[in-house]
Amino acid sequence: MDINRDYPCDSRNYRKGRRDSIKYIVIHYVGASGGARDNAKYYGSSSVGTSAHFFVGHASENGAVYQSVDPADCAWHCGHDPGGKYYHPECRNDNAIGIEMCTHQNASGTWYFDDITVEKAVELTKELMAQYGIDADHVIRHYDVTHKTCPAPFVLDAQAWESFKNALRSAGVEEYTAANDIVWELAHRGIVLDSDGMVGEMEAEPDGRLYWLGRKLVQYIRTHEGAAKQEVEEYTDVHDIVWDLNFRGIVLDMDGMEAEMKAEPDGRLYWLGRKGLQYLRVRD
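Each residue of the sequence shown is one higher than the one before, starting from 224 at the first, in the numbering used here.
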């Protein structure tokens, strides 16, 4: 999607770099009547001590998206509550991307989003999910971190929030429950996932994106045509594997993997799991 980067955030409102990898996307509402362009300009020219990575505009802006802070940097958008408390066990500024959705307020004081603002926020969020290997369960509200009523239209209307989350899960989602089907699908898309040598037990961070058991992980991703040994990339970090698949246009999401799944022990894939279903999602 088109993203405007004309108004980078003032350096006093965020911190360069991150102290943790990106695991969450946090949805906010502006809570004022300004559009995406006005907000990006404001945060780009004022020292306010807060920030967000993206602003999604009103219908009058055709839902334009403005990037204020580069996702590689830490925006200050979901800090603790006034008492210093967090209500989420893990999500923090350093591991989250913040998206601000522009709003209107009606005569009774209720905040609401234009339809196109929601549509563009969904589109942006799905692109970021694909880019960073984030599943829908790791897209949360500011409220879920601090109990602030933000984004108000999605806090006061639980059904609206559920519809937003469902939109992130819909369209272009292929579901697989047989490991060999996953291997075939990856190969069909030009990727061979070869787990020769993976034995025993190694568990990835329990962040819901990937649960992988194996003591010695020798993980290869290579082209279907068959790369020479020296051309094969080796990964020992699960998140690197997820990132590489995302780079190739595939999201590998292991949320909800139920029961045990084990491919034929033919060297192509040896996969053990304790929770959930297996999804292979293709970026739109």
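Here a beta-carbon is modelled for each residue, glycine too, at the ideal position from N, C-alpha and C.
Evaluate contact between the stretch 267-284 and the stretch 381-395, counting only Cβ atoms and requiring at least three cross-stretch pairs below 8 Å.
no
Which one or two residues does DSSP pair with VAL288 in a beta bridge?
VAL279
Can you give me the start and stop residues for the alpha helix (DSSP H) that ALA359 sits inside?
Element bounds for ALA359: n/a, residue is neither H nor E.
For TYR230, I'd like the list of residues in its chain whose CB is within less than 6 Å of its CB, leaving aside the five on either flank, ordered along the chain.
ALA263, LYS264, GLY267
Rounded to whole angstroms, what is the Cα-Cα separation between LYS349 and LEU391?
6 Å
Mark ILE320 as exposed unless 16 or more other C-beta atoms lie within 10 angstroms of its C-beta, in which case mark it buried.
buried
Under the three-state reduction of DSSP, which class applies to GLU313: helix, strand or coil?
coil
Would the beta-carbon of ILE250 be found less than 7 Å away from any heavy atom of the ligand ATP?
Questions concerning the ligand ATP fall outside what the structure shown contains, since it holds no ligand whatsoever.
Which residue from HIS300, MET224, THR326 puts its Cα closest to that of GLY254?
THR326
Of the residues SER331, ASN316, ARG260, CYS232, which one's Cα is nearest the Cα of ARG364?
ASN316
In terms of DSSP beta bridges, what is GLN382 paired with?
DSSP output for GLN382 lists no bridge partner at all.
Would you kindly report the start and end of the unbroken alpha helix (DSSP H) that includes GLY321?
GLY321 -> not in any alpha helix (DSSP H); beta strand (DSSP E) instead, spanning 319-324.
Got a sec? Which residues, its chain only, sit under 7 Å from PHE336 by beta carbon, not counting five neighbours each side?
MET324, THR326, PRO376
Tell me the DSSP secondary structure of ASN227 in three-state form.
strand
Determine the closest residue to ALA259 out of ARG238, CYS373, TYR247, ILE339, with distance taken between C-alpha atoms.
ILE339
Pick from ASP225, TYR237, TYR252, ASP243: whose alpha carbon is nearest that of ILE322?
Nearest C-alpha to ILE322: TYR252.
Excluding the 5 residues preceding and the 5 following VAL288 in the sequence, name in chain order all residues of the same chain whose CB lies nearer than 8 Å to its CB.
MET224, ASP225, ILE226, ASN227, ALA259, PHE277, PHE278, VAL279, GLY280, LYS343, LEU347
With 16 as the cutoff for other CB atoms within 10 Å, does ALA353 come out buried or exposed?
buried
Identify the continuous beta strand (DSSP E) that holds VAL249 and give its terminal residues.
247-252
Taking the Cβ atom as the reference point for each residue, do VAL368 and CYS314 lie within a distance shorter than 8 Å?
yes
Quick one: residues in its chain with C-beta nearer than 8 Å to the C-beta of TYR310, no 5 flanking neighbours on either side, listed in chain order?
ASP304, ASP367, VAL368, THR369, HIS370
Candidates ARG241, CYS232, VAL249: which alpha carbon is nearest VAL378's?
VAL249
With distances taken between CB atoms, is the gap from CYS297 to TYR237 smaller than 8 Å?
Yes. Within cutoff.
For SER270 and ASP233, which I take to be in contact (beta-carbon distance under 8 Å), what is that distance rounded to the nearest angstrom?
6 Å
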